[in-house]
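Just so it is clear: in the sequence shown, position 42 is 44 by my numbering, and no numbers are missing.
In this text, a Cβ means the ideal position worked out from N, Cα and C, and glycines have one as well.
Note that this is a predicted model, so its numbers are computed, not measured.
A short write-up of the structure that comes next.
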Amino acid sequence: MTRPTARLTRHLRAAGLGLLLAGVAVVPAMAGVVLRAASDVGSAQVRLADLFDGLAPETGSLIAFPAPAPGESMTINARQLDGMARRAEIAWQPSTGTEEVTITRRGQRIPREQIDALITDALDRAPGAGMADEYRLDYTGRAPEVIVAEGLEVMPRLADFIYDPRSERFSARIEVDQGEGLAPLVVVAAGRATAVVSVPVLRERLARGAIIGAGDIDLIEVERRRLTNQQVTDPNQLIGQALRRPGYPGRPLMARDVGTPQLIRKGEMVTMIFRRGGLVLTAQGQALDDGGEGETVRVLNPRSRNTVYGRVAPDGTLEVGDAGPSLARN
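What follows is the structure, encoded as structure tokens:
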């Protein structure tokens, strides 16, 4: 951004109209001097060669005035240029009075991601922040922009951080060393940090009873405050589970929406197995409940009309406990 002319004028006057030449004789310039329209500088000082082309090396190397801050620009007008040319005995003078030179200080921009990382790291440690996979940062006004001099090895640091978990608002004070004996650059950033959590959803519609595989799952980001205790947040809690009702793509699943895959259906005929020592008895029965692996279901022995309980085995049979007499009468 361009600094006001009045401020620039004060800069130049403070520098003795730029030439910072105390105790140094001015070297007369050669003819054929041409004013530059613009100049990019990398150092903290602007030299006469940054303003005029065609100067002798001794004259061009003389310091004119302090450069703007990294990433900023300033404009030197015809009156100021004329004054510097006269004092340095440069063979140039304005012809229209509208001549000017724009000076831009080159700099290196600290990536926005680096600033975001400072803030999110602080959020992870902030009291009351809770758990989040990541934070969505919405800055108040413009996002923080940090530009420092070229060639510096910069490492921004967080000097102060305030966070209110109820409003999700934060304020951060960031400092960056500028080198060159300058005080640290201070940047203040404020805004809202919304905690988001990755939640598994189905990629496509699945029917009731379908077994969910890893390939059926996508992850979406959901604001943590919108989650309920019943929503499934771990994909591993879905893989291998069966849908208890139809599932739809992109919709978070509740714990009640899934369960152990049903190996036994109510009303089906199932095989009951009783083991004791080397004795193995089998019989057919009618399931009175649905059941998945490891679950206990009731089974009716059609002949004895007795109801027994069995544990569903991985192969869909029922491991029956103290039901030997009932099975033996089968």
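Collapsed DSSP secondary structure at residue i in the structure displayed
| i | result |
| --- | --- |
| residue 171 | strand |
| residue 144 | coil |
| residue 223 | strand |
| residue 42 | strand |
| residue 307 | coil |
| residue 102 | strand |
| residue 273 | strand |
| residue 181 | coil |
| residue 257 | helix |
| residue 278 | strand |
| residue 237 | helix |
| residue 73 | coil |
| residue 228 | helix |
| residue 31 | Unreliable positioning characterises residue 31 in this predicted model, as indicated by a pLDDT of 43, which lies under 50. A coordinate reading is not provided. |
| residue 209 | coil |
| residue 2 | For the chain, the structure presents residues 3 to 332; residue 2 sits outside this window and is missing. |
| residue 217 | helix |
| residue 244 | strand |
| residue 186 | coil |
| residue 26 | Here the model assigns residue 26 a pLDDT of 38, short of 50, so the residue's position is not dependable and the matter cannot be decided. |
Residue range of the unbroken alpha helix (DSSP H) whose run includes residue i
| i | result |
| --- | --- |
| residue 87 | 80–89 |
| residue 407 | Here the chain has residues from 3 to 332 only, and residue 407 is not among them. |
| residue 61 | 59–62 |
is_contact[residue i, chain C] using C-beta, thresh 9 Å
| i | result |
| --- | --- |
| residue 63 | Although the question refers to chain C, the structure presented lacks it and comprises just one protein chain. |
Bridge-paired residues (DSSP) for residue i
| i | result |
| --- | --- |
| residue 165 | 172 |
| residue 136 | 198 |
| residue 47 | 68 |
| residue 301 | 289, 310 |
| residue 296 | None; residue 296 has no bridge partner. |
| residue 335 | As displayed, the chain neither begins before 3 nor continues past 332, which places residue 335 out of reach and without an answer. |
| residue 249 | 208 |
| residue 160 | 176 |
| residue 55 | 36 |
| residue 193 | 141, 172 |
Terminal residues of the beta strand (DSSP E) in which residue i lies
| i | result |
| --- | --- |
| residue 321 | 320–322 |
| residue 264 | 264–266 |
Own chain partners of residue i with C-beta closer than 8 Å, once the 5 adjacent residues on each side are dropped
| i | result |
| --- | --- |
| residue 248 | 207, 208, 209, 210 |
| residue 118 | 139 |
| residue 258 | 232, 246 |
| residue 113 | none |
| residue 304 | 286, 287, 288 |
7 Å Cβ shell around residue i - same chain, five flanking residues per side excluded
| i | result |
| --- | --- |
| residue 62 | 49, 50, 51 |
| residue 170 | 194, 195, 196 |
| residue 250 | 204, 207 |
| residue 218 | 204, 205, 208 |
| residue 29 | Because the pLDDT at residue 29 is just 44, under 50, the model does not fix this residue reliably, and the value given afterwards should be weighed accordingly. Excluding sequence neighbours, residue 29 sits near 58, 60, 61. |
| residue 314 | 265, 266, 293, 294, 295, 296, 297, 299, 320 |
| residue 94 | 35, 37, 54, 87 |
Own chain, CB closer than 6 Å to residue i, minus 5 neighbours either side, in chain order
| i | result |
| --- | --- |
| residue 420 | In the structure as shown, the chain begins at 3 and stops at 332. Residue 420 is therefore absent and cannot be evaluated. |
| residue 124 | 160, 163 |
| residue 309 | 300, 302 |
| residue 180 | 150, 187 |
| residue 316 | 295 |
| residue 291 | 268, 299, 300 |
| residue 175 | 161, 162, 190 |
Cβ-heavy atom distance, residue i to the ligand COA, below 8 Å
| i | result |
| --- | --- |
| residue 135 | Among the components of this structure there are no ligands whatsoever, and the ligand COA is therefore not found. |
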